[in-house]
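This report refers to the structure that appears directly beneath it.
Residue numbers (the numbering used here): 2 to 362.
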């Protein structure tokens with residue numbers, strides 16, 4: 002739901018613009034303000050989760066997100082919608098690191114953690130990918146306001162069930178060890194998380210706009226182009242834990258290939274093939290980067306480590322939209338290819354840095 006709210010709104014933008022009379026500049030902020038506030042608040046929210054309790058922070062975040070979604074659905078003007086989107090970003094920042102920290106606290110290390118992270122990534126990446134379909138269907142068949150209203154009952158149900166289903170956990174340490182977060186074993190996976198969203202989100206949004214504005218497809222028909230992307234993301238996320246080597250560069254190369262294909266010929270058949278390549282690359286590389294980023298820190302720092310990964314992903318989304326929407330697919334393919342080629346040397350440094358820590362317990 003948290004990741005889905007970036008993409009489900011993006012495909013409904015033409016309808017929102019028409020209904021509220023938004024300018025093109027203001028329309029872009031309807032998408033951008035959410036990941037921007039989300040990303041800026043994540044580290045503080047992750048630290049809050051470690052200190053006051055991850056389950057408690059999770060529930061508070063759900064209530065904030067649900068209330069903000071209701072405000073967006075009832076927004077009479079563009080500025081009110083932007084304020085609601087900003088509040089959604091705050092709620093999402095509280096939910097995301099707390100939820101991931103609850104997962105990693107329940108599965109401290111090893112294959113069990115990677116399998117749990119595979120399901121986590123499948124839910125997150127699959128949710129974001131599904132937003133392209135759901136946004137088109139909801140805004141086309143109902144009304145764009147339902148894009149936000151659907152969040153409200155989900156948030157209320159999850160907030161009610163969380164105290165019964167989730168065990169509370171918090172950090173024992175009072176002070177955050179910032180030097181731990183500056184290690185290459187932490188920064189490398191976070192850089193990958195940023196690149197993954199910076200490349201895939203604008204590429205898919207460009208396809209969405211092209212399908213509606215140039216090919217004349219309705220929001221519903223444009224949304225129905227995306228099931229191959231959804232299936233590829235989910236399948237690759239679940240298979241990702243079985244791939245022990247080469248997951249990150251392999252995933253980035255698949256994204257580069259998909260973006261390159263779109264740069265050569267932007268038509269529906271090439272979109273479908275590119276979506277499979279990019280979805281598979283996103284799923285495989287996301288599991289690997291999340292696992293490496295959380296395994297590199299101790300249990301007491303899981304909330305902040307989770308927040309840092311989510312921050313990287315959200316800032317990658319915001320920067321990718323700002324940089325690549327005007328420039329197109331070629332820079333997207335180039336960035337993914339360069340990072341994939343460069344990762345091998347960095348990964349060797351990361352592994353060598355991680356070994357002494359493991360050896361000393």
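Glycine included, every Cβ here is placed at the ideal spot set by N, Cα and C.
Item checked: Cβ-Cβ distance between residue 50 and residue 58 below 8 Å -> It is a contact, given that the beta carbons lie within the stated cut-off.
Notebook entry, point to check: So what does DSSP say about residue 215, is it helix, strand or coil?
Noted result: coil
Item checked: Residues near residue 271 by beta carbon distance below 6 Å, same chain, minus five either side -> Within the same chain, residue 271 has close Cβ partners 262.
Check: If you scan the region 8-75 from start to end, which runs of the alpha helix (DSSP H) of 4 or more residues do you find wholly inside it?
Finding: Fully enclosed alpha helix (DSSP H) runs of 4 or longer: 14-21, 25-53, 55-74.
Next item on the list: Can you grab the Cα-Cα spacing for the pair residue 200 / residue 75, in whole Å?
Entry: C-alpha of residue 200 to C-alpha of residue 75: approximately 32 Å in a straight line.
Next item on the list: Taking only the alpha-carbon atoms, compute the straight-line gap between residue 361 and residue 274 and give it to the nearest angstrom.
Entry: Only weak support exists for where residue 361 lies, its pLDDT of 38 falling under 50; the coordinates are left without a value.
Next item on the list: Below 8 Å on the Cβ atoms is my guess for residue 62 versus residue 95; work out the distance and round it to an integer in Å.
Entry: 3 Å
Item checked: Own chain residues within Cβ distance below 6 Å of residue 88, not counting five before or after -> Here the set comprises 69.
Check: Can you tell me the Cα-Cα spacing of residue 186 and residue 193, whole angstroms?
Finding: 12 Å
Notebook entry, point to check: Between the region 249-268 and the region 282-291, are three or more C-beta pairs nearer than 8 Å?
Noted result: yes
Check: Helix, strand or coil: which one does DSSP assign to residue 344?
Finding: helix
Check: Within the chosen definition, does the region 218-225 reach the region 303-319 through at least 3 CB pairs nearer than 8 Å?
Finding: no
Check: Does DSSP put residue 193 in a helix, in a strand, or in coil?
Finding: helix
Check: Do residue 10 and residue 32 have their CB atoms nearer than 8 Å?
Finding: Contact: yes.
Checklist line | residue 212 and residue 206 closer than 8 Å at C-beta | finding: no
Check: Do you know offhand how far residue 267's Cα is from residue 204's?
Finding: 11 Å
Check: Cβ of residue 43 within 8 Å of Cβ of residue 308?
Finding: Cβ distance < 8 Å, so residue 43 and residue 308 count as in contact.
Check: Taking the C-alpha atoms as reference points, what is the distance between residue 97 and residue 231?
Finding: Whole-angstrom Cα-Cα distance: 21 Å.
Next item on the list: Look up residue 151 in the DSSP assignment and say whether it is helix, strand or coil.
Entry: coil
Checklist line | Runs of beta strand (DSSP E) wholly within the region 243-299 (minimum 3 residues, chain order) | finding: none
Check: Among 234, 190, 265, which residue has its Cα nearest to the Cα of residue 340?
Finding: Checked all of 234, 190, 265; the closest Cα to residue 340 is 190.
Checklist line | Cβ neighbours of residue 358 in the same chain (closer than 7 Å, five flanking residues each side left out) | finding: Confidence at residue 358 is low in this model, with a pLDDT of 45, below 50, so its placement is unreliable and the value that follows should be read with caution. For residue 358, where only same-chain residues beyond five positions count, there are no Cβ hits under 7 Å.
Item checked: From 336, 73, 292, residue whose alpha carbon lies closest to that of residue 85 -> 73
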